[in-house]
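The opening position of the sequence shown corresponds to residue 515 in our numbering, with each subsequent residue numbered one higher.
Note sheet for the following structure.
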Amino acid sequence: MPVRARPLMVRPGARFACAGDGLCCTDAHLLGPVSPSEGRAIRAEHESAILREGGMVLLRTKRDGACSFLTRGGRCAIHTSPLKPRTCHRYPFLLTATLDGGRIGTDHRCPCRTMGARPLLRASDAEPALLGAGGRLSVDLRAPESISVSAGRSVSWATWRAREAALMTRLDAGERVESVLDTAPFPEVRDGSWPQIGFELADDDRPMRWARAHQWAGDAILALHGEPIRTSRPRPWCDAFDRAQRRTPELLSPDAMLADWIADAIWTLEWATRGSFALARAELATRVSMARWVAARLEAEGTRLDRAMAEAIAIVEMVGLSETWTAVLARVSIG
Ligand code: SF4
């Protein structure tokens, strides 16, 4: 039986509702691509709002990395207009087709996903955002039918599901993430070293917010390897997290936030499309240690604990999408 998009499934316990914190309308991800027809419609009314890059039609960002439609109050100026692109409606969802049906995943860069009292996510809430231009579900990823767990060893989907369920139970029960992942961070990298990777990220001086996330991630790697780092850095998405903090008086446990992030990272199976679970565990353990370092540094600056972890997760999730990180994973010596 091939992988399929239905029935739609959410990970039990996943919580999300858009509170309009506005991070998703900045360069925390690619703003687009929009379809050629969406691009033409937007350009007809807002000539400079669209650009072409690498064969894609994108929403143009301002110098501060925000979409040109993002208002000072953090709202989308075309929210109620038919011009609002499908890709904006879709964020922060991801749809992975599996043998059981479509798994709905969520990005954790967004404080609407990580902070505050969010309602449980229901598939019916996410479904309209997951439809493509023809009104059919649009799939982002197709999970392999057998899952690679280590070098040269794959298991059936049913065997993987049982193993995954055991991991999720431990994460839900509040077991420390590091113990559930049960592997050391910073696996050996062929033809390179973690401090070299740290310097490369820390030196990213491009004028975008995601480059600041790279700098923080680079600092985390360097500090965790005993290398000197800068004494301060600008924070990439402070404005969005300011808004999130204002709307969320309640404190969430940073450990629970980390567990929620890791559970979704496992659930989406994005890792299974590029390597084994052994590689995924080591990669996640690495970014967990970086997130803890960033969160501790933000706490030391006086940041509220849950916000510090939410910002740390945004930073390490962002760096996981970078070309540098993809190149690193290709050189990791692990099964
Ligand atoms: S068009 Fe609106 S929703 Fe989309 S990125 Fe811009 S401000 Fe955000």
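In this text, a Cβ means the ideal position worked out from N, Cα and C, and glycines have one as well.
Since the structure is predicted, the reported quantities are computational estimates derived from the model, not experimental observations.
Quick one: using the 10 Å Cβ neighbour count with 16 as the cut-off for buried, is LEU634 buried or exposed?
-> Taking all protein chains in view, the Cβ of LEU634 is surrounded by fewer than 16 other Cβ atoms within 10 Å, so the residue is classified as exposed.
What whole-angstrom Cβ distance do PRO599 and VAL548 have, given they're in contact under 8 Å?
-> Yes, PRO599 and VAL548 are in contact; Cβ-Cβ is about 4 Å, under 8 Å.
Residue of PRO550, ALA580, GLU567 minimising C-alpha distance to CYS752 | The residue from PRO550, ALA580, GLU567 with its alpha-carbon nearest to that of CYS752 is ALA580.
When DSSP labels each residue in this structure, what does GLY569 get in the three-state scheme?
-> Note: GLY569 maps to coil in three-state DSSP.
Closest to ALA647 by CA distance: which of HIS603, SER664, ARG684, PRO658 is it?
-> When each option's Cα is compared against that of ALA647, the closest is HIS603.
Where ALA737 falls: helix, strand or coil (DSSP) = Secondary structure at ALA737: helix, using DSSP grouped into helix, strand and coil.
Measure the CB-CB distance between GLY619 and THR762 and report whether it falls below 8 Å.
-> In this structure, THR762 does not lie closer than 8 Å to GLY619 by Cβ.
Along the beta strand (DSSP E) that carries MET523, what are the first and last residues, could you check?
-> If you look at MET523, you'll find it in the beta strand (DSSP E) that goes 522-524.
When DSSP builds the beta bridges, which residues end up paired with CYS590?
-> Bridge partners of CYS590: LEU584.
What residues are listed by DSSP as bridge partners for LEU645?
-> According to DSSP, LEU645 bridges with LEU651.
Helix, strand or coil at GLY534 according to DSSP, with G and I counted as helix | In the structure shown, GLY534 sits in coil (DSSP, three-state: anything other than H, G, I, E or B).
Which residues in the same chain have their Cβ closer than 8 Å to the Cβ of ALA680, if we skip the five residues on either side of it in sequence?
-> The same chain holds no residue with a CB closer than 8 Å to that of ALA680 once the five nearest residues on each side in sequence are set aside.
Minimum C-alpha distance to GLU641 - residue among GLU659, ASP621, GLY616, THR628 = In this structure, GLY616 is the residue among GLU659, ASP621, GLY616, THR628 with its C-alpha nearest to the C-alpha of GLU641.
Near VAL703, what residues of its chain come up, given a Cβ to Cβ distance below 8 Å and the 5 sequence neighbours on each side ignored?
-> Contacts found: ILE711, VAL842, ARG845, VAL846, SER847.
Does the beta-carbon of GLY536 have 16 or more other beta-carbons within 10 angstroms, so that it is buried, or is it exposed?
-> Buried is the call here.
Straight-line CA distance for TRP724 to PRO750?
-> CA-to-CA, the gap between TRP724 and PRO750 works out to about 7 Å.
Cut-off 8 Å between Cβ atoms - residues of its own chain near LEU695, not counting five sequence neighbours on either side | Excluding its 5 nearest sequence neighbours in each direction, LEU695 has C-beta neighbours in its own chain below 8 Å: ILE776, ARG795, LEU798, ALA799, VAL802, listed in chain order.
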